[in-house]
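One structure is given below, encoded as structure tokens.
Chains as they are written, first to last, in UniProt numbering: chain L, 1 to 218; chain D, 1 to 218.
What follows is the structure, given as structure tokens:
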């Protein structure tokens, strides 16, 4: 068995199977982000990928199984876009926020969270809703790691449980992003993140003009 | 012309016309909050109210006009549920947050914002999206009034523009509510609001056990 054929995490045992599954998940994620879950039919995913119904049901069981895989996929995308959440990254929380603002700034910025856009659409299905809640909990826990590293580095001065602090940071990000998306303006996100960083007691280690961007009580 | 027949704000000139219009808006708001805007047809609103298509088009022009009225209606509901946002209310920001937590706490708490649930559904229509953004801006401005009153009363110690401070508070509320709704648990909302109040430097004037619930840096 070639190395690429080693099964991982219940994914298909063959490289070809994994490629097909990945293609279907990516196509479904794109369609569901653009049109919504309800408006994305299984047949849309099949036409987009040139696959057959039997393959989809083989890999996912049903449409719900496909949505569960889409939630996992969107969480992975979100975490990959925030390399400072990796366990071996440094504790520069202000740089993490700056990275997000760079990502969303500008007229063509997404101003949208690939995971967050699904939240309102999984409310009626407890299985999907709990899976979505668990995805946000994993994101929050990765943020708690960043806050803990920031505290060890002296960048975070607020006391309190890092998971609680990270929960407040994630709420600010999601709420700020919702308001920014409506306004087609990154400012509400920037305001929300600045407040969350002030709450963490994040002092910017250094900045180009010598003055801290985040200053407690500013 | 009887007093109740005086036209207000472009609403129908007769009491009967206003009643019919209000019934249609309330039914549409309820259906759209439960099922979503796209899944709510004009015919659903007509059956729910026993009205005719000509009345609906007379009052709203088209479905978009109906959704615009629903957004206004949901904002009015949201503001009515927060009496501490009235211009003549006091500046007790902590009590405002407590009121919200009481509203959402418990297994049967709504954990949902009548206005916020529409945000993801108006993204493709610039007219609806801008109307929704304007509704949130009105809510934020009412919160800025509360923050200003809180500052005059000495309850808010954070410096900075009240509209900016209110924007961070609204983002925390919306993001916290989204996470709380997913988890079917008020805790993420409480965490988000506590952080936002700490950011405002809100100190609780008094509490039953003598210790402030919100203490800066706690």
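For glycine and all other residues, C-beta sits at the position ideal for the given N, C-alpha and C.
- Scanning chain L for C-beta atoms nearer than 9 Å to the C-beta of residue 114 (chain D) yields nothing, as the closest lies near 13 Å away.
- With a cut-off of 8 Å on Cβ pairs, the region 157 to 164 of chain D is not in contact with the region 187 to 196 of chain D, counting fewer than three such pairs.
- At a C-beta separation below 7 Å, residue 37 (chain D) has no neighbours in chain L, since its nearest C-beta there lies roughly 11 Å away.
- Across the set D:94, D:198, D:121, the C-alpha of D:121 shows the shortest separation from the C-alpha of residue 32 (chain D).
- In the same chain as residue 127 (chain L), and ignoring 5 residues on each side of it, the C-beta atoms closer than 7 Å to its own belong to 64, in chain order.
- Contact between the region 138 to 148 of chain L and the region 132 to 145 of chain D is absent, with fewer than three C-beta pairs closer than 8 Å.
- Assignment of alpha helix (DSSP H) within the region 143 to 208 of chain L, counting only whole runs of 4 or more residues, yields 162 to 183, 187 to 199 in chain order.
- Taking 7 Å as the upper bound on Cβ-Cβ separation, chain D lies near no residue of the UniProt domain "HTH tetR-type" (18 to 78) of chain L.
- Under the three-state reduction of DSSP, residue 71 (chain L) is assigned to helix.
- For the pair residue 53 (chain L) and residue 27 (chain D), the Cα-to-Cα distance works out to about 39 Å.
- Chain order gives the chain L residues near residue 188 (chain D) as 167, 171, where near means a beta carbon separation below 7 Å.
- Non-local beta-carbon contacts of residue 101 (chain D) in its own chain, meaning distances under 8 Å to residues more than five positions away in sequence, involve 186, 189, 190, 193 in chain order.
- By the Cβ neighbour-count rule, residue 92 (chain D) is buried, with 16 or more other Cβ atoms within 10 Å of its own.
- In the three-state reduction of the DSSP assignment, residue 49 (chain L) falls in the helix class, which pools H, G and I.
- For residue 82 (chain L), the nearest beta carbon of chain D is not closer than 8 Å to its own beta carbon.
- C-alpha of residue 157 (chain L) to C-alpha of residue 199 (chain D): approximately 14 Å in a straight line.
- Of the residues assessed, residue 86 (chain L) falls on the exposed side of the cut-off, its CB having fewer than 16 other CB atoms within 10 angstroms.
- Pairing residue 181 (chain L) with residue 119 (chain L) gives a Cβ-Cβ distance that is not under 8 Å.
- Not a single CB atom of chain D sits nearer than 8 Å to the CB of residue 85 (chain L).
- Ranked by how close their Cα comes to the Cα of residue 72 (chain L), the residues L:48, L:22, L:58 have L:22 in first place.
- By the criterion of a C-beta distance shorter than 8 Å, residue 89 (chain L) is surrounded in its chain by 83, 146, 149, once the five residues flanking it on both sides are discounted.
- A residue is called buried when at least 16 other Cβ atoms come within 10 angstroms of its Cβ; residue 110 (chain D) does not meet this threshold and is exposed.
- Taking a Cβ-Cβ cut-off of 9 Å, residue 101 (chain L) has no neighbours in chain D, whose nearest Cβ is about 14 Å from it.
- Contact annotation: residue 170 (chain L) and residue 179 (chain D) have beta-carbon atoms nearer than 8 Å.
- Using a CB distance below 7 Å, the part of the region 132 to 150 of chain L facing chain D consists of 132, 133, 136, ordered along the chain.
- Assigned with DSSP and collapsed to three states, residue 88 (chain D) falls in coil, not helix or strand.
- Annotation for residue 36 (chain D): no alpha helix (DSSP H) segment contains it, and DSSP assigns it neither H nor E.
- Any Cβ of chain D closer than 8 Å to the Cβ of residue 129 (chain L) would place that residue at the interface, and such an atom is present.
- Within a 10 Å sphere around the beta-carbon of residue 151 (chain L) sit 16 or more other beta-carbons, which makes this residue buried.
- The DSSP-derived three-state label of residue 82 (chain L) is coil.
- Taking the C-beta atoms as reference points, residue 56 (chain L) is found no nearer than 8 Å to residue 70 (chain L).
- Secondary structure note for residue 93 (chain L): its alpha helix (DSSP H) is the uninterrupted segment 93 to 104.
- Burial check for residue 172 (chain D): the Cβ neighbour count within 10 Å reaches 16 or more, so the residue is buried.
- Residue D:78 holds the alpha-carbon nearest to the alpha-carbon of residue 174 (chain D) among D:18, D:78, D:66.
- By the CB criterion at 8 Å, residue 135 (chain L) and residue 75 (chain L) fall inside the cutoff.
- In its chain, beyond the 5 residues on either side, 69, 70, 73 have a beta carbon closer than 7 Å to the beta carbon of residue 25 (chain D).
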